[in-house]
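Report on one structure; see the data block that follows.
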Amino acid sequence: MDFGKAFSFVFEDPDWLKKIVLAALISLIPIVGQLYLTGYGLEVARRVIRRDPRPLPDVAFSESLGGGFRALVIGLVYSIPVYLFVLPIALVPAITGANGDYSGAEPVITLVSVCCSGLLVLYALALSIWLPAAFGNMLARGSLGAAFRLGEVFALIKAAPGAYLLVLVGTLIAGFIAPLGTIACGVGVLLTYTYGVVFMGHLYGQAYNAAIANKALM
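Just so you know, we're using my numbering here: the sequence shown kicks off at 2 and counts up by one.
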């Protein structure tokens with residue numbers, strides 16, 4: 002994993018400013034814009050996986066929008082278990098306090114809330130590692146279904162756990178990058194947020210390549 006490359010690859014493209022600005026402007030379109038930007042970041046990942054010397058793509062609206070929709074589907078499907086942790090928090094108080102008296106049920110409600118909240122946090126952390134691997138498998142194989150081949154996705158993470166942990170670190174770094182644009186009266190947020198997205202895309206691609214390389218050595 003090369004964090005330096007993920008930071009610098011953008012500026013190696015002679016048209017980087019035009020590409021980043023256009024992607025940032027498109028991201029302003031309600032709903033569709035965010036899907037486009039997600040797909041744009043995944044296109045960076047796909048190019049890194051394919052060893053493209055110019056990972057920063059030109060604006061290709063339909064292709065990036067399609068990638069964003071696929072990412073949305075993947076995210077929604079893998080988020081389904083979240084309801085298993087959230088529903089008990091809502092249902093237990095309703096059931097135990099059906100007669101309007103919650104006094105005797107408070108310990109149970111507290112226990113369920115703490116346990117489910119803890120499981121929710123753990124699942125969210127696991128998902129932040131799992132999704133980049135799922136996206137990478139989809140991009141490498143060119144199939145939405147590849148994101149749901151659990152054995153293949155797990156094998157990627159098993160082959161390069163350190164790489165995917167670094168992707169998680171990269172997510173935190175990207176979260177710090179985006180607000181830096183407020184220095185330019187808020188306008189720069191669009192550019193720094195877009196930069197953060199392509200930065201993460203590059204890390205996704207790097208992590209996948211690291212996993213494949215490690216699997217070849219096993």
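Positions of the beta carbon are idealized from the N, C-alpha and C atoms, including for glycine.
Apart from the five residues on each side of it in sequence, which residues of its chain come closer than 6 Å, Cβ to Cβ, to residue i?
{"i": "A147", "result": "N138 and M139"}
{"i": "A161", "result": "A211, A212 and N215"}
{"i": "L181", "result": "T193"}
{"i": "A7", "result": "F200, H203 and L204"}
{"i": "A179", "result": "T193, Y194 and G197"}
{"i": "T39", "result": "G69 and A72"}
In whole angstroms, give me the CA-to-CA distance for residue i and residue j.
{"i": "N215", "j": "L169", "result": "19 Å"}
{"i": "A217", "j": "G76", "result": "29 Å"}
{"i": "A72", "j": "T172", "result": "16 Å"}
{"i": "I110", "j": "I90", "result": "8 Å"}
{"i": "F70", "j": "A175", "result": "22 Å"}
{"i": "P54", "j": "G197", "result": "20 Å"}
{"i": "I30", "j": "Y41", "result": "14 Å"}
{"i": "E64", "j": "V78", "result": "21 Å"}
{"i": "P56", "j": "P15", "result": "12 Å"}
{"i": "A127", "j": "L88", "result": "20 Å"}
{"i": "M151", "j": "E107", "result": "The amino acid occupying residue 151 in the given sequence is Leu; Met does not appear at that position. Distance between the alpha carbons of L151 and E107 is about 39 Å."}
{"i": "S9", "j": "S80", "result": "33 Å"}
{"i": "G143", "j": "G206", "result": "14 Å"}
{"i": "E13", "j": "R52", "result": "15 Å"}
Which residues in the same chain as residue i place their Cβ atom closer than 8 Å to its Cβ, once the five residues preceding and following it in sequence are excluded?
{"i": "L167", "result": "M2, F4, L204 and A208"}
{"i": "F177", "result": "none"}
If we call anything under 8 Å between Cβ atoms a contact, is residue i one with residue j?
{"i": "V74", "j": "L145", "result": "yes"}
{"i": "L93", "j": "V113", "result": "In the sequence under discussion, the amino acid at residue 93 is Val, which differs from the Leu named in the question. Cβ distance < 8 Å, so V93 and V113 count as in contact."}
{"i": "V11", "j": "I21", "result": "yes"}
{"i": "A141", "j": "I50", "result": "yes"}
{"i": "Y37", "j": "L66", "result": "yes"}
{"i": "Y124", "j": "F149", "result": "no"}
Please go through the same chain and pick out, in chain order, the residues whose beta-carbon is closer than 7 Å to the beta-carbon of residue i, but skip the five residues on each side of it.
{"i": "Y165", "result": "I130, P133, A134, I158 and A208"}
{"i": "Q35", "result": "S28"}
{"i": "G163", "result": "none"}
What are the uninterrupted segments assigned as alpha helix (DSSP H) that are 4 or more residues long and contained completely in the stretch 4-28, given in chain order?
Counting only runs of 4 or more residues that sit fully inside the stretch 4-28, the alpha helix (DSSP H) segments are 4-9 and 17-27, in chain order.
Does the stretch 194-203 come into contact with the stretch 44-53, if we say contact requires no fewer than three beta-carbon pairs (one atom in each stretch) closer than 8 Å?
Yes, the stretch 194-203 is in contact with the stretch 44-53.
Below 8 Å, how does it come out for the stretch 145-161 and the stretch 122-134: are there three or more Cβ pairs, yes or no?
A contact exists between the stretch 145-161 and the stretch 122-134.
Is there contact here, the stretch 23-35 with the stretch 190-197, by at least three beta-carbon pairs under 8 Å?
Of all C-beta pairs linking the stretch 23-35 to the stretch 190-197, three or more are shorter than 8 Å, placing the two stretches in contact.
Mind the definition here: the stretch 112-122 touches the stretch 60-80 only if three or more C-beta pairs lie below 8 Å; say whether that holds.
Counting Cβ pairs under 8 Å, fewer than three are found: no touch.
Could you tell me which whole alpha helix (DSSP H) segments of length 4 or greater appear in the stretch 24-89?
At a cut-off of 4 residues, the continuous stretches assigned as alpha helix (DSSP H) that sit fully inside the stretch 24-89 are 33-50 and 62-80.
Only counting runs of 4 or more residues, tell me where the alpha helix (DSSP H) segments fall wholly within the stretch 149-176, in order along the chain.
Residue ranges of uninterrupted alpha helix (DSSP H) with 4 or more members, entirely inside the stretch 149-176 and ordered along the chain, are 151-160.
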